[in-house]
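*Asks:* There's a structure below that I have some questions on.
Chains as they are written, first to last, in my numbering: chain Y, 5 to 371; chain X, 5 to 371.
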């Protein structure tokens, strides 16, 4: 399985893996793909710096990438205290009452109150600066084109820049801004997603950006047949995410068994695309928490970055509680295929083997 | 391009085309696929009988199929007059006021008032009876398993029975009921659809029903790369629909240029999944009509079959007016790829050629 993406990055397989876990990212890289570490969870740049040092030391000299969350237009800035003042009391009350109703205990004193600041522009910029002191070969932005000066800075440092796109017109605009690689993320994907499904989106984006811009297919990729489908649609590689939540290496980050229970039992019908996580539409596991926000009388989610500040402590409490009925996590429709926890290397080997089988089956059909 | 579906039906390519137009259906069949005539628009069984006689005479002796709309559980029955009494006045007023606001003129006296009765169980049964007097090889049901006695009657007549499924558990239940072929219809499809996108749905359904039950991939198929992707996912053929609305043969049914204008300019972002067409979620072209129903204060759609009776005259008026800003038609996200009107045979030839190219590209990647 070899495309120009392999030569571009010096990797064996054109399989990129987005993950918040350095253990997963490093294992993907070691297995011949490109592990891409999600930086948004690092409020503390020193912690990111240490984590990337760990990545440098645990990837056998092979390449890896990082993922940031940086809107091109700068949204409301400020500390969590300043921004907190912009959150209506009714919203805070709804969150408190819902947590009470769902039986979610408070956090131990002093833990997890701050929320995720990686959504803030200034913090995302600091993530880029820290990353450039390490050896990532690729920087991807979950919210489209990063600002042009950030793209230029990365290019000067020899990195390729990728941007997620949920529509062909966004992909074209990213390319105009200097982005090198488009990640065409379909409706079925976990996290921030648009409404166009991969089957339609991928060839549209490929045709829109032309043959010189590599496109990665994202959304719904969890087995080798799906890798083959994405490459048949014209992608030069795949961008995976959800499936790595079901790996042994991810346990280092997950912290408790609740997440695994929730993922392993979920079907592809058990996700929902909603604005409650960050203020922008994102696909999450459907639980009592997402359902509470969909009930009549529930408040409308706030714009980014306020919504995440509103729910950050709630999410920390929910995830710490480990109740699989309530847990709140971005995940794609492929969660229906995550039915056992396996080592990253095994998942990777299966993707590659089944890709070959799918191509063989197509050849038989083609005669 | 040859799969067991080809031998099952005696067709050249495993490409099935659902269409309300006998001209399109016959042209697909003549071009080596399987044209499947949608019966729901025939309130008058004599008209269906004549149309199928025309199909018998215009398909060069090659096979074709029919499509019915029959819920397994019998919903509210009755004439349009009986059922009309169940429609709240507020709903009727909303429809009248919206049409006035959108500038949709009334129909000429005596035209199109009755609405589509094909959603009624009794009418769908009469469609089956009429079809069995002709020579279709396949009968597909848009709403899942038909009743078991209908399946048995079709089997006795030598027909294969197909059923649409939007989730693996529905597919399994269809097979238990005696259905022969599953049409795995993804979120991106036009008309009645579920929420799981094709990339995830197709392999899930294939794995759920096992190797002995052929699966057709439906939703998002408009070019040969998408055919290759669907077959890579494990489908034995594809079920197409929307793309045939952009053919010369379809002009016989469309009646005016408004539909073409609307389809040709639409992008893949210009559809919406809504209950306003029939009471069940179906994907339509996004226009001022669908937007009016999404506004605050608009009534909730009624259950099947009441919603279609409520809006039937409105849809006839809208479609007769030919205003592309208001037009109301089921269509999938693939509408973004419909950019010129072509003969059916050309569309078919391109699907086949591009399929071969996509397989060749995958072989190059596979080394």
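Backbone N, C-alpha and C define an ideal beta-carbon position, used for all residues, glycine too.
Predicted model only: the values in this text are computed from it and were never measured.
Assuming residue 23 (chain X) contacts residue 248 (chain X) (C-beta within less than 8 angstroms), just tell me the rounded distance between them.
*Replies:* 5 angstroms between Cβ atoms; contact.
*Asks:* Between residue 185 (chain X) and residue 212 (chain X), what straight-line distance do the alpha-carbon atoms span, to the nearest angstrom?
*Replies:* Cα to Cα, the separation comes out at about 13 angstroms.
*Asks:* Excluding the 5 residues flanking residue 282 (chain Y) on each side, which residues of the same chain have their C-beta closer than 8 angstroms to its C-beta?
*Replies:* If we look at residue 282 (chain Y) and ignore the five residues flanking it on each side, its Cβ neighbours are 123, 196, 308, 309, 311, 312.
*Asks:* For the pair the region 328–344 of chain Y and the region 325–334 of chain X, tell me if three or more CB-CB distances fall below 8 angstroms.
*Replies:* No, the region 328–344 of chain Y does not touch the region 325–334 of chain X.
*Asks:* Of all the alpha helix (DSSP H) runs that stay within the bounds of the region 220–293 of chain Y, which reach a length of 4 or more residues?
*Replies:* Counting whole runs of 4 or more residues, the region 220–293 of chain Y contains the alpha helix (DSSP H) stretches 228–236, 255–258, 261–269.
*Asks:* With H, G and I counted as helix, E and B as strand and the rest as coil, what does DSSP make of residue 35 (chain X)?
*Replies:* Coil, per DSSP.
*Asks:* Could you check whether the Cβ of residue 7 (chain Y) sits closer than 8 angstroms to any Cβ belonging to chain X?
*Replies:* Answer yes: the Cβ-Cβ gap between residue 7 (chain Y) and chain X drops below 8 angstroms somewhere.
*Asks:* Take residue 350 (chain X) and list the residues in its own chain whose beta-carbon comes closer than 7 angstroms to its own, dropping the five residues that flank it on each side.
*Replies:* No residues qualify anywhere along the chain.
*Asks:* Let's test the definition: count the other Cβ atoms within 10 Å of the Cβ of residue 128 (chain X) and tell me whether it reaches 16, buried, or not, exposed.
*Replies:* Buried.
*Asks:* Which whole-angstrom value is the C-beta distance of residue 27 (chain Y) and residue 253 (chain Y), which I expect to be below 8 angstroms?
*Replies:* The pair is a contact, with the Cβ atoms about 4 angstroms apart (cut-off 8 angstroms).
*Asks:* Looking at C-alpha atoms only, which residue of X:151, X:367, X:235, X:30 is the closest neighbour of residue 180 (chain X)?
*Replies:* Ranking the options by Cα distance to residue 180 (chain X), first place goes to X:151.
*Asks:* If you follow the alpha helix (DSSP H) that residue 144 (chain Y) is part of, which residue opens it and which one closes it?
*Replies:* Premise fails: residue 144 (chain Y) lies in the beta strand (DSSP E), 142–145, not in any alpha helix (DSSP H).
*Asks:* So which of Y:105, Y:133, Y:30, Y:316 has the shortest CA-CA distance to residue 87 (chain Y)?
*Replies:* Comparing Cα-Cα distances from residue 87 (chain Y) to each of Y:105, Y:133, Y:30, Y:316, the minimum goes to Y:316.
*Asks:* Relative to the alpha-carbon of residue 273 (chain Y), which residue among X:191, X:225, X:236, X:64 has its alpha-carbon at the smallest distance?
*Replies:* Among X:191, X:225, X:236, X:64, the Cα nearest to that of residue 273 (chain Y) belongs to X:191.
*Asks:* Is the CB-CB distance between residue 210 (chain Y) and residue 270 (chain Y) below 8 angstroms?
*Replies:* Going by C-beta atoms, residue 210 (chain Y) is not nearer than 8 angstroms to residue 270 (chain Y).
*Asks:* Can you list, in chain order, the residues of the region 206–222 of chain X whose Cβ is nearer than 7 angstroms to any Cβ on chain Y?
*Replies:* Result list: 207, 208.
*Asks:* Which residues does DSSP pair with residue 6 (chain X) in a beta bridge?
*Replies:* Answer is none; residue 6 (chain X) lacks a bridge partner.
*Asks:* Please state whether the Cβ-Cβ distance between residue 230 (chain X) and residue 238 (chain X) is less than 8 angstroms.
*Replies:* Not closer than 8 angstroms, so no.
*Asks:* Since residue 204 (chain Y) and residue 219 (chain Y) are thought to touch, with beta carbons under 8 angstroms apart, how far apart are those beta carbons, to the nearest angstrom?
*Replies:* Wrong, their Cβ atoms sit about 14 angstroms apart, outside the cutoff.
*Asks:* Three Cβ pairs or more, each shorter than 8 angstroms: is that satisfied between the region 90–98 of chain Y and the region 58–65 of chain Y?
*Replies:* No, they do not touch.
*Asks:* Under 6 angstroms Cβ to Cβ from residue 226 (chain Y), same chain only, skipping five residues before and after it: list those, please.
*Replies:* The answer, listed in chain order, is 247, 338, 341.
*Asks:* Check the C-beta distance from residue 166 (chain X) over to residue 187 (chain X) and give it rounded, since I have them as a contact under 8 angstroms.
*Replies:* Correct: roughly 6 angstroms between the Cβ atoms.
*Asks:* Examine chain X for any beta-carbon lying closer than 8 angstroms to the beta-carbon of residue 145 (chain Y), and answer yes or no.
*Replies:* Chain X, which has no Cβ nearer than 8 angstroms to the Cβ of residue 145 (chain Y), makes this no.
*Asks:* Could you tell me which residues DSSP puts in a beta bridge with residue 187 (chain Y)?
*Replies:* Answer is Y:168, Y:220.
*Asks:* Just by C-beta distance, which residues in the region 176–191 of chain Y are closer than 9 angstroms to chain X?
*Replies:* Within the region 176–191 of chain Y, the residues whose Cβ lies closer than 9 angstroms to some Cβ of chain X are 190, 191, listed in chain order.
*Asks:* Taking Cβ to Cβ, would you say residue 46 (chain Y) is nearer than 8 angstroms to residue 131 (chain Y)?
*Replies:* Cβ distance < 8 angstroms, so residue 46 (chain Y) and residue 131 (chain Y) count as in contact.
*Asks:* Among Y:278, Y:235, Y:59, Y:305, which has the Cα closest to the Cα of residue 198 (chain Y)?
*Replies:* Comparing Cα-Cα distances from residue 198 (chain Y) to each of Y:278, Y:235, Y:59, Y:305, the minimum goes to Y:278.
*Asks:* Tell me which residue opens and which closes the alpha helix (DSSP H) that residue 353 (chain Y) is part of.
*Replies:* From DSSP, the alpha helix (DSSP H) with residue 353 (chain Y) extends over 348–370.
*Asks:* First and last residue of the beta strand (DSSP E) that includes residue 70 (chain Y)?
*Replies:* Looking at the DSSP string, the run of the beta strand (DSSP E) that includes residue 70 (chain Y) is 69–72.
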